[in-house]
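Numbering (my numbering), first residue to last: 32 to 267.
By construction, the Cβ of each residue, glycine as well, lies at the ideal position given by its N, Cα and C atoms.
Here the structure is a predicted model, which means the values were calculated and not measured.
Have a look at the structure below before the remarks.
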Amino acid sequence: MNLEHKVAVVTGASKGLGKAIAEQLIHNKVQVYGIARTKNALTQLRSDFGELFIPVVLDITNQKDVDSWIESTFDASHTPDILINNAGIGSFHAIDDTTHEAWHKMINVNLNGVFYLTAGLVPFMKSKDYSTHIINIGSILGTAGRAKGSAYSATKFAIQGFSQSLFLELRHDQVKVTCLNPGSIETDFFSSSGIQSHDHMLHTRDIADTVIHLLQTPDNYLVSDVTIRPLIPKPG
Numbered sequence: 032m033n034l035e036h037k038v039a040v041v042t043g044a045s046k047g048l049g050k051a052i053a054e055q056l057i058h059n060k061v062q063v064y065g066i067a068r069t070k071n072a073l074t075q076l077r078s079d080f081g082e083l084f085i086p087v088v089l090d091i092t093n094q095k096d097v098d099s100w101i102e103s104t105f106d107a108s109h110t111p112d113i114l115i116n117n118a119g120i121g122s123f124h125a126i127d128d129t130t131h132e133a134w135h136k137m138i139n140v141n142l143n144g145v146f147y148l149t150a151g152l153v154p155f156m157k158s159k160d161y162s163t164h165i166i167n168i169g170s171i172l173g174t175a176g177r178a179k180g181s182a183y184s185a186t187k188f189a190i191q192g193f194s195q196s197l198f199l200e201l202r203h204d205q206v207k208v209t210c211l212n213p214g215s216i217e218t219d220f221f222s223s224s225g226i227q228s229h230d231h232m233l234h235t236r237d238i239a240d241t242v243i244h245l246l247q248t249p250d251n252y253l254v255s256d257v258t259i260r261p262l263i264p265k266p267g
């Protein structure tokens, strides 16, 4: 895909990996709708990134709000070419210490929000006469489980199945679907989720560059699954 003048939707865009992806898309002259719940952070990114960044204060777990935003933003003359489902949260505890609230919150953000946004945008993406692209940010914990990570892993395994099914469903409509599964990334996800960080974590810019590479592949070229790990593993 030639990225210049394309339109992208990026969730979790206010910080971390989502911010890095939005920045690299804008560097490639893509108009980015950056979705997050934090207005101040999005306003700052508008100032930093310029007019190609359109801040969208939206809770992706609220189906009515998602549908309303899509209806008010896109029509036959203005449609998205790229969807990056990046927003996600994690909480890592033994199963008997995992609260129902934590379980439902991870399901809502990591899975339901992805479904609401994807289901709403796919009709527009299918209408194109060239290939469009959905990239779902999964996790290596969606390929192999982790002790004290049952809830988070369940959501990321679900994203794997969701992505694989979407790929098979949408390939004949020229909609590419990729599930990108990174290992530990140097963001505040770890400090907020209770996992110990380490010195060899992946950098957000490197993952963002991988996203750009995936998007720039030829129309008849699809990488359906990508797993990225730090070369040097976490100590212990």
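Residues bridged to residue i (per DSSP)
| i | result |
| --- | --- |
| Leu233 | Ile216 |
| Asp256 | Cys210 |
| His244 | Answer by DSSP bridge pairing: none, since His244 is not bridged. |
Residues near residue i by beta carbon distance below 6 Å, same chain, minus five either side
| i | result |
| --- | --- |
| Phe80 | Ile57 |
| Ile85 | Tyr64 |
| Val145 | Asn116 |
| Asp112 | Lys37, Val38, Thr163 |
Boundaries (first-last residue) of the alpha helix (DSSP H) holding residue i
| i | result |
| --- | --- |
| Tyr64 | Unbroken run through Tyr64 is the beta strand (DSSP E), 62-67; no alpha helix (DSSP H). |
| Ile101 | 94-104 |
| Phe155 | 144-157 |
| Ile120 | From DSSP, Ile120 is part of no alpha helix (DSSP H); its letter is neither H nor E. |
| Ile91 | Note, Ile91: premise wrong, no alpha helix (DSSP H); not H, not E. |
| Glu200 | 181-201 |
| Asn71 | 70-80 |
| Leu48 | 47-58 |
| Ile138 | 131-138 |
Endpoints, beta strand (DSSP E) assigned at residue i
| i | result |
| --- | --- |
| Ala39 | 38-42 |
| Leu262 | That residue, Leu262, is in no beta strand (DSSP E); it is neither H nor E in DSSP. |
| Thr163 | 163-168 |
| Leu268 | This structure gives no information on residue 268, because the portion of the chain shown stretches from 32 to 267. |
| Ile171 | Premise fails: Ile171 is in no beta strand (DSSP E) and is neither H nor E. |
Sub-8 Å separation of residue i and residue j beta-carbons
| i | j | result |
| --- | --- | --- |
| Thr42 | Leu148 | yes |
| Ile168 | Leu245 | no |
| Ala182 | Ala118 | no |
| Leu83 | Gln62 | yes |
| Ser194 | Val206 | no |
| Ile238 | Ile216 | yes |
| Leu76 | Lys60 | no |
| Lys187 | Asn139 | no |
| Thr104 | Met156 | no |
Residues near residue i in its chain [Cβ-Cβ closer than 7 Å; skip 5 each side]
| i | result |
| --- | --- |
| Lys70 | Val88 |
| Thr258 | Ile171, Thr174, Asn212 |
| Tyr161 | Gln205, Asp250 |
| Thr92 | Asn139, Val140, Asn143, Gly144 |
Other residues of its chain near residue i: CB distance less than 8 Å, five sequence neighbours each side excluded
| i | result |
| --- | --- |
| Thr129 | Ser122, Ser181, Ala182 |
| Asp98 | Tyr147, Gly151 |
Cβ-heavy atom distance, residue i to the ligand ADP, below 7 Å
| i | result |
| --- | --- |
| Asn141 | Annotation note on the ligand ADP: not contained in the displayed structure, which lists no ligands. |
Counting Cβ pairs closer than 8 Å, one from the stretch 107-123 and one from the stretch 177-189, do we hit at least three?
-> yes
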